[in-house]
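A short worksheet on the structure shown next.
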Amino acid sequence: MCGCAALVAGARPPRPVLPRRLRRRRGSSVRAEVSPGGESQPKKVTVAGAGWAGFAAAHHLIKQGYDVTLLAAESGPTEEVGLRGFWQPYRNIFALVDELGISPFTGWNKAAYYSTEGLAVEFPIFHNQPRLPAPFGVFAYPEFPNLPLSDRLTSIPVIAAVIDFDNTDTAWRKYDAMTAKELFKMYGCSQRLYREIFELVIQAALFAPGEQCSAAATLGMLYYYVLSHQENSDFLLCRGEVEEKIFSPWLQSLELKGLKFVENKVPTSLTTDVDSGCISSIVCGDDVYEADAFVLAMGLSSLQSIVKNRNLLHLSTVDVISVKLWFDKKIIIPKVANVCSGFDDSSGWAFFDLTSVYDDYCEESITIVEAEFYNASHLVLLSDDDIVYEASSHLIKCIQDFEGAIVIRYSIRRSPNSVINFLPGSYKYTLRGSTSFPNLFIAGDWIVNRHGSFSKEKAYVTGLEAGNRVVDYFDIGDFAKIIAVEGDEPHIETLRSLNRRANELKSQIPFSEFFLQ
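FYI, the numbering for the sequence shown is 367 to 883, going by this note's numbering.
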């Protein structure tokens, strides 16, 4: 039977998936099969998706002795479209890089934000500043050349929502119903502060304007990257393409351990075994990949194309375009990373000085810049020449030295429907890592988990979690050790404890549930 109409809640699974301890007690755990010669045959696992999530799942399962096949949609590994850079809280990815014994990163970098008014804020390297209690460091150390103190002070009331949002399911459901813009309006944020600072952060990290983003996703993102710890705003950049500097040596190490890497395979359907109620194969056109368990580490739009599920129909995606430009002269770019917004109504964008970052470009007498446009549906269908013109025009608005510079070469990557749109109300429809099929698991930066991370770190973590679910399903191997997000600072922990207590007392008031919340 092909297709998986009953993937998540609302489906009727053929048999219940018992907790691990119950499976052990009842003797129902699945062990490796024994061949006629008496040798144990490793369980086969097929992972679809060769980005951070897919590689993470394959990485852990290979180490646990599984026979793993990794299906790549393109001719090699491809990093998921997401927030550029490797940020201070990416603790699991940094641990992986150490394990691989590679050194792909720059040092900590400075960044700048640009609005239609010009330079809006310059960020220092927070590691170099005396540490202040969160979130005071991110308010005290950046330089705001044009934003008055009176506007900046209107950010303080928003901290109340940050304290209340503790990444629990209850918190997500509470704040997911409103937009980010409504949240900031409710807490009295000035129009200028929102337009020149918060809107830029939202568009760069969540890839859509505040009126299209859930307040829950916004609070989670802000706390993870900005407000939880002063140094969390610091980031490294890869000294070349991530596929070359990280994925290539990673793939080589996994292939040496037995990974089967198959290129240019896009899943078109799943096959179900009616008798067992399990997924029996992934179909990629004319090719069929059978296995004992499966991990779908694919983007949302790719999953929507092969799985017909009512929850997935409520989720939407946004387009991203990446434009790499070679200019004919050396241009001074003050900061290597720059986030911009307000140049049109719905999209944000960022640009990076690759000449200062990439090893291969450091000796160049020209300037190489990469610009990324988010929520870029208005650009996807344009010709290459028109996209190059738009990118060049946007750069001139930020840095005048681009005026008169000639593009001598370019490279464009269109990524339609590549990133989830965290629309208000979408949380309740977003999938978790397990499905109604006991041997099918999902990973990716768009699914729901409780780790608290975002972007590529979340993709990597959910890949490890998917690997752990496979280990739990078969009761073979050890669980991957996932490094937790750094805990709240003591004063934040105290405030959150008081806030939870206040909410508990409020819920005990007679008729508290009578009124509309």
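By construction, the Cβ of each residue, glycine as well, lies at the ideal position given by its N, Cα and C atoms.
Residues of its chain near residue i, where Cβ-Cβ distance is below 6 Å and the 5 sequence neighbours each way are ignored
i: F613; result: P443
i: V487; result: Y479, P508 and F510
i: K631; result: L437 and C650
i: D532; result: R862
i: L602; result: F452, F471 and T472
i: L806; result: I645 and F660
i: L566; result: Y479, V705 and S707
i: K626; result: T435
i: S667; result: T683 and N783
i: I772; result: D694
i: D750; result: I778
i: K701; result: K476, A477 and A478
i: Y826; result: W418, A422, N458 and I459
i: V410; result: Strictly speaking, residue 410 in this sequence is Lys, with Val absent from that position. Correct list, in chain order: D433, A657 and D658.
i: R518; result: none
Nonlocal neighbours in the same chain, by C-beta distance under 7 Å from residue i, ignoring five residues either side
i: S777; result: K690
i: E562; result: S481, E483, A486 and L513
i: T412; result: T435, L437, I648, Y655, A657 and F660
i: R780; result: I687 and V746
i: A424; result: V413, V434, L436, L620 and L625
i: I698; result: D767
i: H426; result: L830, G833 and A846
i: I926; result: Absent from the structure is residue 926, since the part of the chain shown begins at 367 and ends at 883.
i: L585; result: A527, V528, F531 and Y541
Buried versus exposed call for residue i [16 or more other C-beta atoms within 10 Å across all chains shown]
i: E859; result: exposed
i: F489; result: buried
i: R539; result: exposed
i: K822; result: buried
i: R835; result: buried
i: R391; result: Note that R391 has pLDDT 30, beneath the 50 cutoff, so the model's placement of it is unreliable and the number below is only indicative. Its Cβ having fewer than 16 others within 10 Å, R391 is exposed.
i: Y755; result: exposed
i: T638; result: buried
i: R775; result: exposed
i: T534; result: exposed
i: N494; result: exposed
i: P575; result: buried
i: D464; result: exposed
i: S394; result: Annotation note: pLDDT 34 at S394 (below 50); position unreliable, no value reported.
i: L871; result: exposed
i: D752; result: exposed
i: R867; result: exposed
i: C604; result: buried
i: E741; result: Per the sequence shown, the amino acid found at residue 741 is Asn instead of Glu. N741 is buried by the Cβ-count criterion.
i: N869; result: exposed
i: P804; result: buried
i: S521; result: buried
i: P501; result: buried
i: E440; result: exposed
i: D600; result: buried
i: I918; result: There is simply no residue 918 to check, as the chain begins at 367 and stops at 883 in what is shown.
i: R397; result: With a pLDDT of only 41 at R397, under 50, the local geometry of the prediction cannot be trusted, and the value read off the model is given with reservation. So R397 counts as exposed.
i: I875; result: exposed
i: L559; result: buried
Presumed contact (8 Å Cβ cut-off) between residue i and residue j, rounded CB distance
i: L622; j: I687; result: About 36 Å separates the two Cβ atoms, so there is no contact after all.
i: A582; j: A537; result: 7 Å
i: P499; j: H857; result: 6 Å
i: A414; j: P633; result: 5 Å
i: V628; j: T796; result: At roughly 29 Å, the Cβ-Cβ gap does not stay under 8 Å, so V628 and T796 are not in contact.
i: D542; j: G791; result: 6 Å
i: I732; j: K696; result: 7 Å
i: L669; j: L679; result: About 12 Å; that fails the 8 Å criterion.
i: Q596; j: V504; result: 6 Å
i: L572; j: C579; result: 5 Å
i: A570; j: G714; result: 5 Å
i: S594; j: D854; result: 7 Å
Close beta carbons around residue i, own chain, < 8 Å, minus the five adjacent residues each side
i: F460; result: F452
i: Y590; result: P455, N598, G818, S819, F820 and V851
i: Q430; result: G833, V837, I842, G843 and D844
i: V526; result: Here the sequence assigns Ala to residue 526, which means Val is not the residue at that position. Closer than 8 Å at Cβ, skipping near neighbours: Y553.
heavy atom of the ligand NAP below 8 Å from residue i C-beta
i: E769; result: As presented, the structure is devoid of all ligands, the ligand NAP included, so that no description of it is given.
(message) Would the region 713-732 count as touching the region 814-823 if we require 3 or more Cβ pairs under 8 Å?
(response) No, they do not touch.
(request) Please determine if the region 756-772 and the region 642-660 are in contact, where contact requires at least 3 C-beta pairs separated by less than 8 Å. (result) no
(request) Would you list, in sequence order, the uninterrupted beta strand (DSSP E) runs of no fewer than 3 residues that lie entirely inside the region 462-500? (result) At a cut-off of 3 residues, the continuous stretches assigned as beta strand (DSSP E) that sit fully inside the region 462-500 are 477-481 and 484-489.
(message) Extract the residue ranges of the alpha helix (DSSP H) inside the region 755-801, only unbroken runs of 4 or more that lie entirely within it.
(response) Counting only unbroken stretches of 4 or more residues, no alpha helix (DSSP H) element lies wholly within the region 755-801.
(request) Say whether the region 545-556 touches the region 677-686, bearing in mind that this needs 3 or more beta-carbon pairs closer than 8 Å, one atom from each stretch. (result) no
(message) I'd like the ranges of any alpha helix (DSSP H) spanning at least 4 consecutive residues and lying wholly in the region 652-709.
(response) Here the runs fully enclosed are 666-672.
(request) Return the chain-ordered ranges of every alpha helix (DSSP H) run that is complete within the region 569-623 and spans a minimum of 4 residues. (result) 581-588 and 614-622
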